[in-house]
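Here the sequence shown stands for residues 509 to 646, numbered as in our numbering.
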Amino acid sequence: MKFQKFIEISKALQPTHHKYDLNRTFHVTFALDKKKTVAIGINSIKTHPNIPKLNYRSEEGEDLRTIARMHSEFNCILKLQNKYGTDDFSDITFVNIRLDRMGNVRYAKPCNGCSHLLSQVGFKNLYYSLNNGEFVNF
């Protein structure tokens, strides 16, 4: 799979104004049905009633809900549910990308809460970016 086009789209979507300030990074999740992008999720400071149910924690145990209340994976799944009216996405491939403030590709493995959510809805493949710009399958 060629990931460069997803990196370019992510950079184009990355806000440059001060209103967007999560003090960290910009996350984007692409949902693909075969090779067609069917949804794009972006991390957001917005909340959702189901967010407290998710275990948004880093591998070190840091509570990530205070950083980005709606993670890109969750946002993407909400869009898929609205579009298809189902909770089964076992034919969908997800691509996770994280950009730092300078637009550099960074490590984007889903947190524990998003990993759990993705395992509940299913997926065909889940690729995420590494700090060197390469991608691995989850």
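Cβ coordinates follow ideal geometry from the N, Cα and C atoms, glycine included.
Problem - Rounded distance between the beta-carbons of H556 and C622, thought under 8 Å - result: The pair is not a contact, with the Cβ atoms about 13 Å apart (cut-off 8 Å).
Exercise for the section: In angstroms with no decimal places, state the Cα-to-Cα distance between I553 and R577. Expected result: Each residue's alpha carbon lies about 5 Å from the other.
Problem - Given L626 as reference, the closest of S637, M610, D596 once Cα atoms are compared - result: Closest in C-alpha terms to L626, from the list S637, M610, D596, comes D596.
Exercise for the section: List the whole-angstrom C-beta distance separating S598 from K632, where the pair is believed to meet the contact cut-off of C-beta under 8 Å. Expected result: The Cβ separation is near 6 Å, so the contact holds.
Problem - Unbroken beta strand (DSSP E) run spanning Y636, endpoints - result: DSSP places Y636 inside the beta strand (DSSP E), whose first and last residues are 633-637.
Exercise for the section: Let me know the secondary structure DSSP gives N612 once reduced to three states. Expected result: Residue state, collapsed to three classes: coil.
Handout entry: Contacting residues, own chain, Cβ-Cβ under 7 Å from L521 (five flanking each side not counted)
Key = Here the set comprises V536, I550.
Exercise for the section: Could you say which of L588, K519, V644, Y592 lies nearest to V475 if we only look at CA atoms? Expected result: Given that the chain is displayed from residue 509 to residue 646, the structure contains no residue 475 and the question cannot be resolved.
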